[in-house]
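*Asks:*
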């Protein structure tokens, strides 16, 4: 088996590769950027960095990548000058390509990018048809074009010779940036997903690859011209789509699947050698669709999703395996398709082949993964959502493509000094500290590890792993039942054994530079101290210096790519050799514990636990358990925005169920009941998972959105509309109070609160939790709970003493006085310290005119000009009649007036002049000024209740 690489990216954006012949992850130290995703093939690896640009890493080889540039020098004979570059007007160029149609002088050849270099200068090719030519390399013919010969004849009126120059690709084993440019210029938006494949398309030349990319706006782009002599490709071409795409996957052959924003999947049809990016649907595809319609439509959980063949397009829509949880990830291979839904369930698509790229049905698989990837030989890799470890699908063969079990790839990283025995030693250390003074066990440490013979090393057996806690490999029966499958059991994965030898000395919240330094100092054994551990007299060890992971932590992976990893079910890999992994992890550590000491330690722990159980449980069994729970429900009728096709408002029943737990804490659940295809369904969200309630300003409806951490990541909030504004405010106040009660938040914000202001002027506050800056995983912003307070400000500032100041759009300073305002009524329905806030904002529009020789400056512009009444950018039409305030809460307080205070100055009528749109404007007219504009201003005001007191305005 030849050596190949498995590529992965951890949560810190660092790229690692694991060789099939190695036993550790090798970090790609050349990468100065943090990467989000990678897609690998055997000869190279593509990646998207955190700057959303695409980078290429080409593996070095004994034969460099060289490309031959050539051009032809053409001459014609005339009686005066003999052969010269004075050609006829109908002749080809003096310097041209082999066809003579393109002009190619020597100085017109440029390197495609900075990743190439010239090997030498231009030289003449003195070889023609495998035979040497005369000095000079000329070949002769009667005319252009004709048959050339190396010998000059009496009727040879034209001649040519070939010039050659080689360029070599130099950016091997390093990340080279790929230009984000299409045929018409730079691409409009950056990339967020990438997939490489297509090297097995029939009759393709060597090194031909298909690279697909997805932009942030959901567009799909295809990289053209990628082959062995042009590893970077030539340019990007946009591919038409039936909707917005979030992720795409390309197999080695002609399989290309993508995931739509709505959770559906689409399949690319018509991929051939002549059209590697796919083409229009043919009659063959239509026949295949008709045959597919006659197949039985049964899957493991009900009915087959219907196939929708889009007219005039080469995409076929396939429904998600679970209609309730749309697909978020797809991975394809030669004859397989794997998918992951929003609930992290893994699905296998059966019936995939070259004649039926859409397959015939979904099969639910055991396991919960963040993502999966299909490599060579249809082998499958995945990242678990439980422990973020890389897993390999065992048992994948040509006859059983779904495999049998997931097995974790537990290998260390390069430079990893973590010891396998640190977990056991840490458990002994902590146990000895807890049961202090009970067991006196001595440990012996070698002071010289390099002496001959060396000390005997004691390897502690790890404690047995509870099957409820996890197992390294999960084995299931082969899911080969064709029509009906039982629901798979929940995946149980093995967490890494952990045992810290000490507390981290310091930690940085910044993910880019997060480091954990762990050190264990020598312990001093004191018999009279109750805090002294009898098993803690071990040597000092410094673990993982400069690493973001602690000594007891395994790497957390974010992405894996096996497109260049050539393994199969019979491959003998050292990754799963537990003996080798154990031997490589054991470092220079010596700990000697006798069996008698171990037995005494176990016995003492059991006695201590028994005594504690009697003391805390047995003596109170005669008391009745007083558990008081109360439940109340508030219901209402609302409208809910269904964010999938057909997008529309749906009448729903909305209910908030609140209850008090055994410990007196308040909690609740939101229920949303609706009908879909004459079937009753519901959505729910736990109150303690709600992160923010956002009022959505709309002219036609009174709407608000409910966000959770998961819905924020998926950009899929629950958007509701109430019948009246008062009802919307009542629901917002009730939901906000319920969210605060579930988190134990009462009254006004604390002195340590975090304040923020939205672009609309709404004010939100967050109460920091002890885990906000916890090491090494601080709480991300999308998991923090933000509650709204009354008021409307442009800027807010606070300090640690609880003093909060704000500045409105009219430069008025406000100071916060306490709870209430907005849709809140204050504490106990009191309006004390709640004041009416007024804010004034100025709305600007621009009047544009162009000059013509007949009428001078008029509002008749060129077809390519901006609107004659527009905003500052000129892209949106804004007239005096249709210009509206920023939101329905604002009202006009004045009429439109000309603004003379614009930057650059104006003339007496308020006009500014320029040569064209858009240019720099000035306040006086010159001979070269053909356009002019002036700005109109109108003031609007806002009335709002808030808990703030106004101060004097800031100028």
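Residue numbers (full-length UniProt numbering): 1 to 955.
The beta carbon of each residue, even a glycine, is placed where N, CA and C say it ideally should be.
Tell me which residues share the same chain as residue 87 and place their Cβ nearer than 6 Å to its Cβ, disregarding the 5 neighbours each side in the sequence.
*Replies:* 76
*Asks:* Roughly how many angstroms separate the alpha carbons of residue 268 and residue 240, rounded to a whole number?
*Replies:* 11 Å
*Asks:* Check residue 619 in the structure and name its three-state DSSP category.
*Replies:* Per DSSP, reduced to three states, the secondary structure at residue 619 is helical.
*Asks:* When the Cα atoms are used, what is the spatial distance from residue 40 to residue 231?
*Replies:* Taking the CA atoms as reference points, residue 40 sits about 13 Å from residue 231.
*Asks:* Measuring alpha carbon to alpha carbon, tell me which of 149, 184 and 253 ends up nearest residue 236.
*Replies:* 184
*Asks:* Do residue 809 and residue 794 come within 7 Å of each other at the CB atom, strictly closer than that value?
*Replies:* yes
*Asks:* What are the complete alpha helix (DSSP H) segments, minimum 4 residues, inside the region 209 to 270?
*Replies:* none
*Asks:* How would you label residue 408, buried or exposed, when you count the other beta carbons within 10 angstroms and need 16 or more for buried?
*Replies:* Burial call: buried.
*Asks:* Could you tell me the alpha carbon to alpha carbon distance between residue 729 and residue 798, rounded to whole angstroms?
*Replies:* Inter-residue distance for residue 729 and residue 798 is about 27 Å (C-alpha atoms, whole angstroms).
*Asks:* For the pair the region 552 to 564 and the region 378 to 392, tell me if three or more CB-CB distances fall below 8 Å.
*Replies:* yes
*Asks:* Assuming residue 23 and residue 16 are in contact, meaning their beta carbons sit under 8 Å apart, how far apart are those beta carbons, in whole angstroms?
*Replies:* Incorrect: roughly 13 Å between the Cβ atoms, too far for contact.
*Asks:* What does residue 666 pair with, by DSSP beta-bridge criteria?
*Replies:* 660
*Asks:* Would you mind giving the Cβ-Cβ distance between residue 567 and residue 379, rounded to the nearest angstrom? I have them listed as a contact below 8 Å.
*Replies:* 6 Å
*Asks:* In chain order, what residues of the same chain lie with their CB nearer than 6 Å to the CB of residue 18, ignoring the 5 residues before and after it?
*Replies:* Answer for residue 18: 6 and 25, listed in chain order.
*Asks:* Let me make sure I understand the geometry here. Which of 737, 413 and 847 has the alpha-carbon closest to that of residue 910?
*Replies:* 847
*Asks:* Please classify residue 707 as buried or exposed, where buried requires at least 16 neighbouring CB atoms within 10 angstroms.
*Replies:* Its Cβ being crowded by 16 or more others within 10 Å, residue 707 is buried.
*Asks:* For residue 899, does the three-state DSSP call read helix, strand or coil?
*Replies:* strand
*Asks:* Does the region 191 to 201 touch the region 62 to 78, meaning 3 or more C-beta pairs lie closer than 8 Å?
*Replies:* no
*Asks:* Look up residue 171 in the DSSP assignment and give the residues it is bridged to.
*Replies:* Answer is none; residue 171 lacks a bridge partner.
*Asks:* Compare the beta carbon distance of residue 796 and residue 765 with 7 Å and say whether it is the shorter of the two.
*Replies:* no
*Asks:* My understanding is that residue 255 touches residue 332, with C-beta atoms under 8 Å, so please give their C-beta distance in whole angstroms.
*Replies:* 4 Å
*Asks:* DSSP state of residue 128, grouped into three classes?
*Replies:* strand
*Asks:* CB residue 899 to CB residue 860, shorter than 7 Å?
*Replies:* no
*Asks:* Return the Cβ separation of residue 260 and residue 215 in integer angstroms, given the expectation that the two are a contact with Cβ distance under 8 Å.
*Replies:* The C-beta separation of residue 260 from residue 215 comes to about 14 Å, leaving the pair out of contact by the 8 Å criterion.
*Asks:* Where does residue 84 sit, in a helix, a strand or coil, going by DSSP?
*Replies:* strand
*Asks:* I'd like the list of long-range same chain contacts for residue 609, defined as Cβ closer than 7 Å, with 5 residues on each side in sequence excluded.
*Replies:* Correct list: empty, nothing qualifies.
*Asks:* Among 384, 397 and 807, which has the Cα closest to the Cα of residue 406?
*Replies:* 384
*Asks:* Comparing C-alpha positions only, which one of 171, 132 and 4 sits nearest to residue 58?
*Replies:* 171
*Asks:* Within the chosen definition, does the region 638 to 650 reach the region 710 to 724 through at least 3 CB pairs nearer than 8 Å?
*Replies:* Below 8 Å, enough C-beta pairs join the region 638 to 650 and the region 710 to 724 to call them touching: three or more.
*Asks:* Taking just the CA atoms, how far does residue 119 sit from residue 112?
*Replies:* 14 Å
*Asks:* Kindly indicate which three-state DSSP category residue 323 falls into: helix, strand or coil?
*Replies:* coil
*Asks:* Between residue 225 and residue 234, which are expected to be in contact by the criterion C-beta below 8 Å, what is the C-beta distance as a whole number of angstroms?
*Replies:* 3 Å
*Asks:* Looking at the strands, I want to know which residues DSSP matches up with residue 912.
*Replies:* Residue 912 is bridged to 933.
*Asks:* For residue 610, which three-state DSSP category applies?
*Replies:* helix
*Asks:* What's the C-alpha gap between residue 74 and residue 335?
*Replies:* Roughly 52 Å separates the two Cα atoms.
*Asks:* Can you give me the Cβ contacts of residue 377 inside the same chain, cut-off strictly under 6 Å, excluding the 5 residues immediately before and after it?
*Replies:* Result list for residue 377: 568, in chain order.
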